Amino acid sequence: MKQQKKSRISPQSSPNHPIASLKTMLSSFSDSPKLLPPHTPHFILFSRSQRNLERGQAVTLGRRSILSSSSSLLNFCFHSFSSEGFLLWEIKISQDGKLNTNMGFNIRFIHLYRMNLLNILTVFLLMYLQVKFTAEELRRIMDYKHNIRNMSVIAHVDHGKSTLTDSLVAAAGIIAQEVAGDVRMTDTRADEAERGITIKSTGISLYYEMSDEALKNYKGERQGNEYLINLIDSPGHVDFSSEVTAALRITDGALVVVDCIEGVCVQTETVLRQALGERIRPVLTVNKMDRCFLELQVDGEEAYQTFSRVIENANVIMATYEDPLLGDCQVYPEKGTVAFSAGLHGWAFTLTNFAKMYASKFGVDESKMMERLWGENFFDPATKKWTSKNTGTATCKRGFVQFCYEPIKQIINTCMNDQKDKLWPMLQKLGVTMKSDEKDLMGKALMKRVMQTWLPASTALLEMMIFHLPSPAKAQKYRVENLYEGPLDDQYAAAIRACDPEGPLMLYVSKMIPASDKGRFFAFGRVFSGRVSTGLKVRIMGPNYVPGEKKDLYVKSVQRTVIWMGKRQETVEDVPCGNTVAMVGLDQFITKNATLTNEKEVDAHPIRAMKFSVSPVVRVAVQCKVASDLPKLVEGLKRLAKSDPMVLCTIEESGEHIVAGAGELHLEICLKDLQEDFMGGAEIIKSDPVVSFRETVLERSCRTVMSKSPNKHNRLYMEARPMEDGLAEAIDDGKIGPRDDPKVRSKILSEEYGWDKDLAKKIWCFGPETTGPNMVVDMCKGVQYLNEIKDSVVAGFQWASKEGALAEENMRAICFEVCDVVLHADAIHRGGGQIIPTARRVFYASQLTAKPRLLEPVYLVEIQAPEQALGGIYSVLNQKRGHVFEEMQRPGTPLYNIKAYLPVIESFGFSSTLRAATSGQAFPQCVFDHWDMMSSDPLESGSQAAQLVMDIRKRKGLKEQMTPLSEYEDKL
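The sequence shown begins at 1 in the UniProt record's numbering and counts up one residue at a time.
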């Protein structure tokens, strides 16, 4: 929500100005507050000097309340209706009588509340309610490392993460409970509210105090009853999964949200796999329970089977990707690691809630009751006995159905049917008291209020997080191996392992967040050891930093340390380890992510760079409509590259500016940000989206090729061969890389990929960008001066592997073997100027003699649709070169789940074509899956691949015909 600049306005200058009318209206108010007709502007007094304002106080209207404020600065808020919804004016009157206005908050969703003054005030207070905690209180708890929980909320798109997060935010008093679920506090951008999806991950720090009674069964270490929860709400749409990666890196636990009807979807699996790869412990909530009662009206046993299936599917994924150091990370309702929730209505429960209630009622042990409430446990009220099989009598029902599901169903039905005479005695038995004004509510509003009071979502979910997610002190013990690149026995690894606030600073910045003042960014990250404070000088190690070198290394002071609170930020003096933090003043030196340590810690290694589950495979070229805006475009692209963890902004040799993203939606959002936020609204022209390809080889070179240097005194002999299956993927995932210990690397290569051990120790480099999935191996025997030309050959390789011989696309999965080298005896005749271009030519020659092929990116598409839409889906996939490899019916629903592979180049407009063919019944989700080799030969004229190569070359402004092999290969 944009805020315009503050402006001094003289009320005399314009008699129709709101402030002029404000003075007139205030003078006409009587002393007693009164409600105004719906279309009169309402004035709300709000004084920042008072803490914890009650709703009644904050909305007092009239002169008396103005005079009684102790603040030297009076804040008025004035709102007026506009065609787009609702405008709030904040008006400050200082003691000298000068007026200051600040117009902002153009809130669209307030159409709903337009006629009701009380609700308008509620929504207003939602923006300005004083929080139940202050920055000082938060800062105090930051030192109790056992009482901190860093967690992210992850799920498939539209499974209800942001809505559920509202309930947690409301518990901390940041928004009013009445509007939780409607506001989506963590969706801070206008386009997020418009599209109804989360686009950027948003951090928010919550303070929560637990009672001694609630903590009596807690086994872990704790320091008092106050907890700090650093929560990050992340996007569910697959195009933005890089935001999820950035969120997961700086958290220790994850709340996985799954829609109880749709079940585990493709993105649920992707984010869970990422979370377990980062060694993050998950807990699960089965969301949208209200759909079972209000929409589908399923009976208890059917609902139990649905929930059980969802939990089982999630556990299958967790078991597949589990890590021995993380231990058993599967979730079990009877152990309290699964919650059942309805985010929209703000209620949730774990079996612990019901077990406590029945344990005190029947006088049985709480843990025994927990076990009975899930699984094959049936209770017959007639005989008052538990059995492990259904006896078949009408009264015998499963424990979960009888004691959890049916009581909720009964209360919901009673509320929806307005049977208040039955409802109040039921609530009295449950110990739920309603306020007098709430008793007048009807239907859904009454149901929402009753359920929120009886089973508040915040209590169930926050307690589950506090009990079952690890504190930083516990989590960093087993995460240090994944995080730290250096030796695991040095002081930095030890400080991370111990989460030591007195140790050296180790801080990982996982993303840059644009600040409200244009062009500046907050560096958002997590402190793993030591503490970061305002004014501290830090060493900034970028992603390309190599210990001992000066590349990508900066020393700079932190101007300000801030804790993130959704839409607002609070400045604190310092932040100790185990917490998330935002910093001001480092944005010139950090592009996307970096490791920070103290200025003097020169031996520190950086924290490992993040690996993303998607690749930026869709590219567009952008240019300015008006040539004079070019500097804005160049600056805008730099800022765009900072603001998104995934987007790649590059300049081609032809001078084109290229923006690459994960998919159509991701690119659309990036270009919108570029134009509106980073270029001040200057117009841009974008090309049609194009797809990145990769170049590879099919078999070993048919002969050893040789190239001579320009002075004809040096000869390089080389062969190319394809890499073993799975090796390129292992390099992509970071399992094998240039920074590994050579002994460990050669062991993996020889055991898993059948390499010769000695050969595995002679890898010169990886490329492109020194980390890509191609490599150069030294096969020479007894060559003089070989080490002197190694750097030049490596430089030639980086160049060649970035721009392959076919169409100047990146190479992939090629292993180049240096067979022999003949060098001139004088060093001056074998310098870089002679060797680098020769190396590039010989790499190209060996690629062209090894049956070169193109690789195209392929999406995995998951489509949910009813049976009658299947024909349309198959025909669209066939037109688009897609092929289905799995089709299954969702048990208990009329929906089918279809999984197919679809080439990315065919995916543009796929969603709209599919909706047209199935009358809007099919919903596709595309995620980048793998690179697929195109069967045709690009060297054979007229083939599909040859045509594609020509198109790519034409687009890049190269000669349409490829350079022939004879240009690269020399004869003796």
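We treat Cβ as the ideally placed atom computed from N, Cα and C, and that holds for glycine.
Just so it is clear, the structure is predicted and the values come from calculations on it, not from any experiment.
So, helix, strand or coil for residue i, using DSSP?
i, result
"H237", "coil"
"R279", "coil"
"Y358", "helix"
"A473", "helix"
"L507", "strand"
"R608", "coil"
"D440", "helix"
"P903", "strand"
Hey, how far is the Cα of residue i from the Cα of residue j?
i, j, result
"K288", "F340", "8 Å"
"L958", "E752", "41 Å"
"K954", "P689", "15 Å"
"K712", "L972", "10 Å"
"S516", "D574", "22 Å"
"V521", "V572", "Val is not the amino acid found at residue 521; the sequence shown has Phe there. About 18 Å."
"L326", "M679", "45 Å"
"K642", "V904", "26 Å"
"T838", "G486", "36 Å"
"N930", "K899", "Reading the sequence as shown, one finds His at residue 930 and not Asn. About 14 Å."
"I317", "E269", "7 Å"
"K672", "M512", "18 Å"
"Q864", "A170", "34 Å"
"M893", "P470", "Note that residue 893 corresponds to Thr in the displayed sequence, not to Met. Cα-Cα distance, rounded: 36 Å."
"M506", "L596", "6 Å"
"V691", "V647", "14 Å"
"I736", "A760", "12 Å"
"E783", "Q961", "Note on identity: in this sequence residue 783 is Val, with Glu being the wrong assignment. Those two C-alpha atoms are separated by around 37 Å."
"S966", "S846", "12 Å"
Can the beta-carbon of residue i be found less than 7 Å from the beta-carbon of residue j?
i, j, result
"V927", "V238", "yes"
"A319", "V257", "no"
"A720", "S701", "yes"
"C577", "V538", "no"
"F403", "F354", "yes"
"E817", "M779", "yes"
"K625", "I685", "yes"
"residue 974", "I658", "Residue numbering for the chain in the displayed model covers 1 to 972; residue 974 lies beyond these limits and cannot be assessed."
"E969", "V705", "yes"
"L854", "P938", "yes"
"W347", "M451", "yes"
"G363", "T350", "no"
"G661", "P631", "no"
"S792", "I835", "yes"
"M416", "M465", "no"
"Y332", "R398", "no"
"I250", "S529", "no"
Please find out if some non-hydrogen atom of the ligand PLP comes closer than 6 Å to the beta-carbon of residue i.
i, result
"P235", "The model depicted lacks the ligand PLP and carries no ligand whatsoever."
Residues in the same chain with beta-carbon distance under 6 Å from residue i, minus the five sequence neighbours each way, listed in chain order, please.
i, result
"T387", "F378"
"E724", "Y753"
"V480", "A493, I496, R497"
"I763", "M775, V777"
"V271", "I154, V244"
"K477", "R497"
"residue 985", "In this structure the chain extends from 1 to 972, so residue 985 is not present and cannot be described."
"M210", "N225"
"N482", "R279"
"L665", "D239"
In chain order, what residues of the same chain lie with their CB nearer than 7 Å to the CB of residue i, ignoring the 5 residues before and after it?
i, result
"E243", "K200, S201, S234, P235, P645"
"E867", "P894, Y896"
Can you find the residues in the same chain that come closer than 8 Å, C-beta to C-beta, to residue i, ignoring five residues on each side of it along the sequence?
i, result
"E699", "R721, P722, A850, K851"
"A445", "none"
"M888", "Y896, N897"
"V532", "L505, L507, V538, V558, T561, D574, V575, V581, M583, L596"
"residue 1041", "Outside the displayed range of the chain (1 to 972) lies residue 1041, so it cannot be described from this structure."
Between residue i and chain C, is any beta-carbon pair separated by less than 7 Å?
i, result
"I496", "Here chain C cannot be found, since the structure has a single protein chain."
Can you confirm whether the region 899 to 913 touches the region 870 to 884 when touching is taken to mean that 3 or more C-beta pairs between the two stretches lie within less than 8 Å?
Counting Cβ pairs under 8 Å, three or more are found: they touch.
Per the contact definition of three or more C-beta pairs closer than 8 Å, is the region 785 to 798 in contact with the region 827 to 842?
The answer is yes - the region 785 to 798 touches the region 827 to 842, with three or more Cβ pairs under 8 Å.
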